[in-house]
Amino acid sequence: MEKTTRVLAFVLAGGEGKRLAPLTTHVAKPAAPFHARHRLVDFALSNLRNSGITAVEVLLQYEPQTLLQHLRRNWGADRADGAVRVNARVGGAGRYPLYRGTADAVRCHREQIRAFAPDLVAVFSADHVYRMDVGEMVAFHLACRADVSVSAIPVPVSEAHAFGVLGVDGADRIRHFEEKPAHPAEIPGRPGLSLVSMGNYLFDPQVLLEALDATHAAGGVDFGRDLLPRLLSTHRLMAYDFGTDRLASAPQRPYWRDVGTIDAYFAAHMDMFAQAPPFYLGDPRWPIHCQQPASFPEAMPGVACDGARIGIGAELVDTVLRSGVEVGPGASLSRCIVAEDTRIGARCRLRNVIVDAGNWLPNGLEVGFDPAADAGRWPMSAGGVVVIPRGAFPAQPDRVPAAPDIRLPALPALPALAAAKALGWEPPRFARGARSGSSSGLESIEERSDPCRTEPTTA
């Protein structure tokens, strides 16, 4: 990106994310956790920061508290002393009106645009998993003399109905734009694929300000449904092909996933456990910034964790453990995502399960092995992923007796393992491409009495 290009970015982070329920019952979709340390909003913010865009307005609305706390603690929101100036604006709070749509949210802050006097305004979605050199999109926009640029990516026609679908000519100029059509148009010459908007836009500031006022006057509130179609016949709208983004600062190919459903959210997590993952979250060349400095030793196959405690004889395969998680002795977790402050009881067996925050699962619980039984008790996605919602098994710390812990400073440390094995300790077992994000390493715990004192074998 040209150093003289002055960009003001708006990150739209007020979405409810109904299709991601029950994970979004208590938090906005951009605040949903991803992998061991991140939240979805970190991807848009990291891409902007890594691209040298340092003035960012994050617009919040639905269930803003968790996201606001994250932005203040980990991104220095509302402070003027950081390398990236992140301002969090909550719709419906204080002097900001309730946002009625994506375009209306930005319209409510048009005075910030005028005061900043940018060369370009970026409007980015906050709830996708991807890495992108925004500087390449800026260079494309300037080279094309565009009024508006829309980042776009081909997806199967069967999935395109969930997005804004673009029709472009041979010079990448957008000639048609239809928001979430029932019958998406295919890309000419590429049967089975549609070109869809990623929800990331670059605007000429004056074009944007005039379009926001005109859209509002006509009763419109949304970029994809209202504002962009109005500009097609009067302005130069260009489609930036995300597939050409080579990420000059990081060598991996571009990666983008919409995680608007449980199945897509789960699949994006599992992508990171592939033999050749699409990108490495801790890559210092294009880092996805998170709540702590990342440290990912390549020594524990199939686990991504942030300071978990693992019981004797536990087995973990392609599993994410967020902060404060305890896995009981003899438990077996395969392809699972376990949110903060969760306790997995001894001898639990979980497969293709997402456990929301704060649950204390009883000893011997089995989930993911009997679809009929699981569907009768828990939310289950179309792809068979079971979600144990927050509050399903409330924490009962007053009923857990104290027990001695076996603490290892770092599980992969061979001298510590040898000493523990000499004392008869059986280490936890891991499988495939592990990454631990804990600076203190994994700890192992002995079996404790179960808080619920029940030992179901099925759920």
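Here the sequence shown stands for residues 582 to 1040, numbered as in the numbering used here. Where is the CB? At the ideal position from N, CA and C, for every residue including glycine. Every value quoted in this text rests on a predicted model; they were computed, and no experiment measured them.
Beta-carbon proximity list for D785, same chain, < 6 Å, skipping 5 on both sides
Only D728 meet the Cβ criterion.
Exposed unless 16 or more other CB atoms sit within 10 angstroms - verdict on V592:
Residue environment for V592: buried (at least 16 other C-beta atoms within 10 angstroms of its C-beta).
G709 lies in the beta strand (DSSP E); which residues open and close that run?
According to the sequence displayed, residue 709 carries His and not Gly. Here the beta strand (DSSP E) through H709 covers H709 to R712.
Count the other CB atoms, across all protein chains shown, that sit within 10 Å of the CB of A820; report buried if there are 16 or more and exposed otherwise.
By the C-beta density criterion, A820 is buried, having at least 16 other C-beta atoms within 10 angstroms.
Top-ranked residue by Cα proximity to S706, from G770, V637, D700 and F974
Closest option to S706, Cα to Cα, is V637.
Per DSSP, C929 is paired with what?
Paired residue(s): none; C929 is not in a bridge.
Rounded to the nearest angstrom, how far is the Cβ of M851 from that of R916, given a contact under 8 Å?
Going by Cβ atoms, the distance from M851 to R916 rounds to 6 Å, so yes, they are a contact pair.
Thinking C-alpha only, which one of A686, D899, I843 and L809 is nearest Q856?
Minimum Cα distance to Q856 is reached at D899.
Of the residues E760, T586 and S732, the one placed nearest F697, counting alpha carbons only
Checked all of E760, T586 and S732; the closest Cα to F697 is T586.
Residue range of the unbroken alpha helix (DSSP H) whose run includes S627
Here the alpha helix (DSSP H) through S627 covers V622 to N631.
Would you identify the three-state DSSP class for E597, choosing helix, strand or coil?
Reduced to three states, the DSSP call for E597 is coil.
Separation of A594 from L640, as counted between CA atoms
A direct Cα-to-Cα measurement between L640 and A594 gives close to 5 Å.
Relative to the alpha-carbon of L601, which residue among R691, S775, V967 and A669 has its alpha-carbon at the smallest distance?
L601 has its Cα closest to that of V967, out of R691, S775, V967 and A669.
Report buried or exposed for E692, applying the criterion of at least 16 other Cβ atoms within 10 angstroms of its Cβ.
E692 counts as exposed, since fewer than 16 other beta carbons sit within 10 angstroms of its beta carbon.
Any idea if Q650 is buried or exposed, counting beta-carbon neighbours within 10 angstroms, 16 or more meaning buried?
Exposed is the call here.
Verify whether the separation of the beta carbon atoms of V738 and G773 is less than 7 Å.
For V738 and G773, yes; Cβs fall inside 7 Å.
Which residues in the same chain as T683 place their Cβ atom closer than 7 Å to its Cβ, once the five residues preceding and following it in sequence are excluded?
Once the five neighbours on either side are set aside, the close Cβ partners of T683 are L593, D803 and F804.
If I follow the unbroken alpha helix (DSSP H) through I843, where does it start and stop?
Note, I843: alpha helix (DSSP H), I843 to D852.
So, are the CB atoms of E907 and R924 less than 7 Å apart?
At the C-beta level, E907 and R924 come within 7 Å of one another.
Mapping DSSP to helix, strand and coil, what is D951?
In the structure shown, D951 sits in coil (DSSP, three-state: anything other than H, G, I, E or B).
DSSP-derived helix/strand/coil call for H757:
Correct three-state label for H757: strand.
Since N781 and S732 are thought to touch, with beta carbons under 8 Å apart, how far apart are those beta carbons, to the nearest angstrom?
The beta carbons of N781 and S732 sit about 4 Å from each other, so the pair counts as a contact at 8 Å.
Kindly list the residues whose CB is nearer than 6 Å to the CB of I755, restricted to its own chain and excluding five residues on each side of it in sequence; keep chain order.
L747, V749, L818 and A820.
Cross-strand partners of V749 (DSSP beta bridge):
DSSP, once it has assigned bridges, lists I755 as partnering V749.
Anticipated Cβ contact below 8 Å, R971 with H607, distance rounded:
The C-beta distance from R971 to H607 rounds to 6 Å, short enough to fall under 8 Å.
At least 3 beta-carbon pairs within less than 8 Å: the segment 794 to 803 vs the segment 699 to 713:
Short answer: they don't touch.
Can you list, in chain order, the residues of its chain with a C-beta nearer than 7 Å to that of D807? Leave out the 5 residues immediately preceding and following it.
By the criterion of a C-beta distance shorter than 7 Å, D807 is surrounded in its chain by A684, T796 and G801, once the five residues flanking it on both sides are discounted.
Under a three-way DSSP split, which group does V777 fall into?
Assignment of V777 by DSSP, reduced to helix, strand and coil, places it in the strand class.
DSSP three-state call for L818: helix, strand or coil?
Correct three-state label for L818: strand.
Sorted by chain position, which residues of the same chain lie with C-beta nearer than 6 Å to P762's C-beta, five sequence neighbours on each side aside?
Exclusion of the five residues before and after P762 leaves V746 as the residues of its chain whose Cβ lies within less than 6 Å of its Cβ.
Residues near E597 by beta carbon distance below 6 Å, same chain, minus five either side:
Same-chain partners within the cutoff: Y643.
C-beta contact flag for A617 and D937 at 7 Å:
A617 places its beta carbon 7 Å or farther from that of D937.
What residues are listed by DSSP as bridge partners for P960?
By DSSP's assignment, P960 forms no beta bridge with any residue.
Reduced DSSP secondary structure (H/G/I, E/B, other) of R654
In this structure, R654 counts as helix in the three-state DSSP scheme.
Counted within 10 angstroms of its Cβ, other Cβ atoms place R654 as buried (16 or more) or exposed:
Exposed is the call here.
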